[in-house]
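Residue numbers (the working numbering), protein chains in the order written: chain P, 1499 to 1562; chain Z, 9 to 390.
Where a beta carbon is used, it is the ideal one built from N, C-alpha and C, also for glycine.
Since the model is a prediction, treat every value here as computed from it, not as a measurement.
What follows is one structure encoded as structure tokens, with my remarks underneath.
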Amino acid sequence: MTFEEAQRELEEIVHRLESGDTSLDEALKLWERGEELYRFCKERLDTAEGKIEELAGRANAAKP
Amino acid sequence: MKVEAIEYGDRKVFSVGAFNRGVASWLQRLPTVWVEGEVTELRRSERWASVFFTLKDPQDGSCLGVSMARGQFDALRLELADGDRVHAYGRPELFEARGEFRLRVLSLERFGLGEHLAALERLKAKLAAEGLFAAERKRPLPLLPARIGLVTGNDAAAKSDVLTAVTTRFPPANVLVAETYVQGPRAAGAVVEALRALCREGVDVVVVARGGGSFEDLLPFSDERLVRAIADCPVPVVSAVGHEQDTPLCDLAADVRASTPSVAGRLVVPDLAQLLERLDRSRAGLERGTRRSLERERRRLDGTHERLARAPRLLLERRRAKLEQSAGRLRTLSPKATLERGYAIVRATDGIVRSGGAVEPGDRVDVELAEGGFGARVEDTR
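Printed below as a string of structure tokens:
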């Protein structure tokens, strides 16, 4: 799953929950799924490394 | 003329003239071609049958001697000056007397900006006809690229503009930079190779950035190979080449065109602060939505419970209403209404008198009227 897919699904879930036409069981299931998606997205942002590499440097480093 | 060698034992030796003739005749087998270059050292004399000049490659300085029949040259009235760019149509030849190699030109055309533009327009029309620039080919950029490829020159302005824009907006960005030639005859091939190398390394999106330059500086970015490589790139490409008013063909083939390297940098990454805010909003919405759903269920349950509690009293009231209704009907059946119309009820000791035979003259009876009544004695009977 990509970040975008996760974010889109999360926002759809919120929309459904807020529209209020879900049963309680369904609402709880959606909430659980939503929390899972939120954690996924947050983790993607938190674990990004933030680095700038030079391709040439990498190529040279790869040589013996 | 025959090319004959003198034999000294087992060694074959050519005279200079024979060697030159041999090479010259071999060269004649080469085809006639167009050569592009800048005119330098133009030498023309009324005493010579030919004019001479040197064609110079503006990119790497390679030189080629040229000769052309003076009559033909003069007829073209090109009025060439040093540095003018020309297309020369000719065949390689060897000037035998001096052993000098040169291009014997049969036709010569000035090739300037206008011709460059026309050639570019032809290429543009051809690629457009192939659908290389079509809107439906454009791919959306990934919202959150795991790694961004950057193809740029090593002179840095464009490179640092992109990197600054990227890291300001999205500090945790991961960028793989391929420095390459962005000008001169090797640029197009080098950029193509850099693009491929980045894709091999695995990137989600590529930015091709180059600062402004002269029309000719930017020409490699309209090179057919480069334009095709951008169109064929397996991941989306953002092109930021030259200034706003320049439109090298690579801009048209790219998925997104950025007016400057900084804009390109901002396009390929999301705004981290905004992204986090949006995510937090979603999460708040998730909690709010779930709580709302819970509360709605609770209210519904409360409502049902209340109705349950009200049920017995409702039943009682319904019964009472029914009773009242019966009482009403009972009242309309009572003789009171009949008495109001002027009738009377006569009672004797045995009860209500319904016939004359039930009483004897002299009997005492009670007469009941709508209002009050009186006692009476029977006079006679019928």
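| task | Taking G383 of chain Z as part of the beta strand (DSSP E), name the residues at either end of that continuous run. | result | Counting from 1 along the second sequence, the entry for residue 383 of chain Z is found at position 375. G381 to R385 is the extent of the beta strand (DSSP E) around G383 of chain Z.
| said: Does the CB of N162 of chain Z have a neighbour CB from chain P at under 7 Å? | reply: By 1-based counting over the second sequence, the position of residue 162 of chain Z is 154. With 7 Å as the cut-off, N162 of chain Z does not count as an interface residue toward chain P.
| By Cβ distance, which residues of its chain are closer than 8 Å to V246 of chain Z, with the 5 residues on each side in sequence left out? | To locate residue 246 of chain Z, count along the second sequence from 1; it is residue 238. Excluding positions up to five away in sequence, the list reads L149, V213, V214, V215, V216, A262, D263, V264, R265, A266, A272, L275 and V276.
| message | Checking the sheet assignment: what are the DSSP bridge partners for W42 of chain Z? | response | Here residue 42 of chain Z refers to the residue found at position 34 when the second sequence is read from its first residue. Answer is Z:Y97.
| request: Look up V113 of chain Z in the DSSP assignment and give the residues it is bridged to. | output: Stepping through the second sequence from its first residue, residue 113 of chain Z is reached at position 105. Note: V113 of chain Z sits in a beta bridge opposite Z:M76 and Z:G98.
| said: So that I know if they touch, is there some Cβ in chain P lying closer than 7 Å to that of E305 of chain Z? | reply: Your numbering for residue 305 of chain Z matches position 297 in the second sequence. Taking Cβ atoms only, chain P reaches closer than 7 Å to E305 of chain Z, which makes this a yes.
| Among Z:F61, Z:A26 and Z:R85, nearest to G91 of chain Z - alpha-carbon criterion | Start at 1 with the first residue of the second sequence, and residue 91 of chain Z comes out as number 83. Ranking the options by Cα distance to G91 of chain Z, first place goes to Z:F61.
| task | Using a Cβ-Cβ cut-off of 7 Å, state whether E1530 of chain P counts as contacting chain Z. | result | Locating residue 1530 of chain P in the first sequence gives position 32, counting from the first residue. It does not; no Cβ of chain Z falls within 7 Å.
| field | Buried or exposed by the 16-neighbour rule on C-beta atoms within 10 Å, applied to K1561 of chain P | value | Within the first sequence, residue 1561 of chain P is the residue found at index 63, counting from 1. Reliability of the predicted coordinates at K1561 of chain P is poor, the pLDDT of 35 falling under 50, and the value obtained from them is presented with this limitation in mind. The residue is exposed, with fewer than 16 neighbouring Cβ atoms inside 10 Å.
| query | Pairing CB atoms from the region 125-134 of chain Z with CB atoms from the region 96-112 of chain Z, are three or more of them under 8 Å? | reply | no
| Do V59 of chain Z and R78 of chain Z come within 7 Å of each other at the CB atom, strictly closer than that value? | Along the second sequence, one-based indexing puts residue 78 of chain Z at 70. Along the second sequence, one-based indexing puts residue 59 of chain Z at 51. Yes, they are a contact pair.
| task | Step through the CB atoms of chain P and report whether any lies within less than 7 Å of the CB of S7 of chain Z. | result | Look at the range of chain Z in this structure, 9 to 390, and you will see that residue 7 of chain Z is not part of it.
| task | Taking C-beta pairs closer than 9 Å, name the residues in chain Z that K1527 of chain P reaches, listed in chain order. | result | Within the first sequence, the letter at position 29 stands for residue 1527 of chain P. Under the 9 Å cutoff, chain Z gives no residues; its nearest Cβ is about 10 Å from K1527 of chain P.
| request: Can you tell me which of the three DSSP states F351 of chain Z falls into? | output: Walking along the second sequence from the start, residue 351 of chain Z turns up at place 343. The sequence as given places Tyr at residue 351 of chain Z; Phe does not occur at that position. Correct three-state label for Y351 of chain Z: coil.
| task | Given a cut-off of 7 Å, decide if E123 of chain Z and L35 of chain Z are closer than it, judged by their beta-carbon atoms. | result | One-based indexing of the second sequence puts residue 35 of chain Z at position 27. One-based indexing of the second sequence puts residue 123 of chain Z at position 115. Not in contact: L35 of chain Z and E123 of chain Z (Cβ atoms no closer than 7 Å).
| Below-7 Å beta-carbon distance, E1507 of chain P vs any chain Z residue | As a working mapping, residue 1507 of chain P is identified with position 9 in the first sequence. By this cut-off, E1507 of chain P is not an interface position.
| said: Tell me which residue opens and which closes the beta strand (DSSP E) that T160 of chain Z is part of. | reply: For the purposes of this step, residue 160 of chain Z is identified with residue 152 of the second sequence, where counting begins at 1. Start and end: I156 to T160.
| Terminal residues of the beta strand (DSSP E) in which V59 of chain Z lies | Here the question's residue 59 of chain Z lines up with position 51 in the second sequence. Taken as a continuous stretch (DSSP letters only), the beta strand (DSSP E) holding V59 of chain Z covers S58 to K64.
| query | When you compare only the Cα positions, how much space is there between R328 of chain Z and R318 of chain Z? | reply | Position 320 of the second sequence holds residue 328 of chain Z. Position 310 of the second sequence holds residue 318 of chain Z. Going from the Cα of R328 of chain Z to the Cα of R318 of chain Z covers about 16 Å.
| request: Output, in sequence order along the chain, the residues in the region 195-214 of chain Z whose CB is closer than 8 Å to any CB in chain P. | output: A202, A205, L206 and E209
| field | Span of the beta strand (DSSP E), counted from its first residue to its last, around R218 of chain Z | value | Residue 218 of chain Z sits at position 210 when you count from the first residue of the second sequence. Looking at the DSSP string, the run of the beta strand (DSSP E) that includes R218 of chain Z is V213 to R218.
| Taking just the CA atoms, how far does G17 of chain Z sit from H95 of chain Z? | Counting from one through the second sequence, the residue named residue 95 of chain Z turns up at place 87. Counting from one through the second sequence, the residue named residue 17 of chain Z turns up at place 9. Spanning the two alpha carbons is a distance of roughly 49 Å.
| query | Considering only residues of the same chain and omitting the five flanking positions on each side of N373 of chain Z, which have a CB-CB separation below 6 Å? | reply | Taking the first residue of the second sequence as position 1, residue 373 of chain Z is located at position 365. Just to set this straight, residue 373 of chain Z is Val in the shown sequence, not Asn. Here the set comprises V354, A356 and A384.
| L63 of chain Z to D254 of chain Z span [Cα, whole Å] | Walking along the second sequence from the start, residue 63 of chain Z turns up at place 55. Walking along the second sequence from the start, residue 254 of chain Z turns up at place 246. Going by the C-alpha atoms only, they are around 29 Å apart.
| request: Would you kindly check if the distance between the Cβ of D231 of chain Z and the Cβ of A198 of chain Z is under 7 Å? | output: As a working note, residue 198 of chain Z is residue 190 in the second sequence. As a working note, residue 231 of chain Z is residue 223 in the second sequence. Not closer than 7 Å, so no.
| task | Report yes if the C-beta of V211 of chain Z is less than 6 Å from at least one heavy atom of the ligand FAD; otherwise report no. | result | Although the ligand FAD was asked about, the structure shown includes no ligands whatsoever.
| message | I'd like to check one pair, E1509 of chain P with G297 of chain Z: are the Cβ atoms closer than 7 Å? | response | Looking up residue 297 of chain Z in the second sequence gives position 289. Looking up residue 1509 of chain P in the first sequence gives position 11. No.
| query | How would you call E87 of chain Z, buried or exposed, if buried means at least 16 neighbouring beta carbons within 10 angstroms? | reply | Position 79 of the second sequence, counted from the first residue, corresponds to residue 87 of chain Z. E87 of chain Z comes out exposed.
| request: Determine the closest residue to L50 of chain Z out of Z:E295, Z:G73, Z:L38 and Z:L114, with distance taken between C-alpha atoms. | output: Position 42 of the second sequence holds residue 50 of chain Z. Selected option, being the one with the closest Cα: Z:G73.
| said: Quick check: what's the CA-CA separation for T172 of chain Z versus S270 of chain Z? | reply: Position 164 of the second sequence holds residue 172 of chain Z. Position 262 of the second sequence holds residue 270 of chain Z. When rounded, the distance between both Cα atoms is 8 Å.
| field | Collapsed DSSP secondary structure at A261 of chain Z in the structure displayed | value | The residue given as residue 261 of chain Z occupies position 253 in the second sequence. Helix.
| Could you give the uninterrupted runs of the alpha helix (DSSP H) lying entirely in the region 202-255 of chain Z, keeping only those of 4 residues or more? | 232-240
| Can the beta-carbon of K1468 of chain P be found less than 7 Å from the beta-carbon of N182 of chain Z? | Here chain P covers residues 1499 to 1562 and nothing more, so residue 1468 of chain P does not appear.
| query | the region 178-193 of chain Z: which residues have C-beta closer than 7 Å to a C-beta of chain P, in chain order? | reply | P179, P180, A181, N182, V183, L184, V185, A186 and E187
| query | Does DSSP put F81 of chain Z in a helix, in a strand, or in coil? | reply | Taking the second sequence and counting its residues from 1, one reaches residue 81 of chain Z at position 73. In the structure shown, F81 of chain Z sits in a helix (DSSP, three-state: H, G or I).
| Pairing CB atoms from the region 1522-1531 of chain P with CB atoms from the region 157-170 of chain Z, are three or more of them under 8 Å? | no
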